[in-house]
Amino acid sequence: MVKSAETRERLPEWLRRPIGNASDLSTVQQIIKHHQTHTICEEGRCPNRGECYAQKTATFC
Ligand code: SF4
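Residues 0 to 60 in numbering that gives the first Met the number 0 are what the sequence shown lists, from first letter to last.
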């Protein structure tokens, strides 16, 4: 069952990660897709992708 926005519990501030710059995220994701590389970031659906991709970093498998 999906909770509505009003009933969903919010994460504590210390657990929230910055989303990062959308164009930087897109740039890194396009590079990964274009070169058909495998990264632990994408394979593991890492929650830190926003922060790492904004710094133009990724970890290859
Ligand atoms: S480089 Fe960043 S996004 Fe990739 S796995 Fe490590 S912490 Fe996650």
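Cβ coordinates follow ideal geometry from the N, Cα and C atoms, glycine included.
With three or more CB-CB distances shorter than 8 angstroms, the stretch 13–24 counts as touching the stretch 49–57. Around ligand 1, the residues whose beta-carbon falls short of 5 angstroms from at least one of its heavy atoms are ILE39, CYS40, CYS45, ASN47, ARG48, CYS51, THR58, given in chain order. Of PRO17, THR58, GLN54, the smallest CA-CA separation from HIS37 is found for THR58. Between ILE39 and CYS60, the CB-CB gap stays under 8 angstroms. Taking C-alpha positions only, PRO17 is separated from ARG9 by approximately 15 angstroms.
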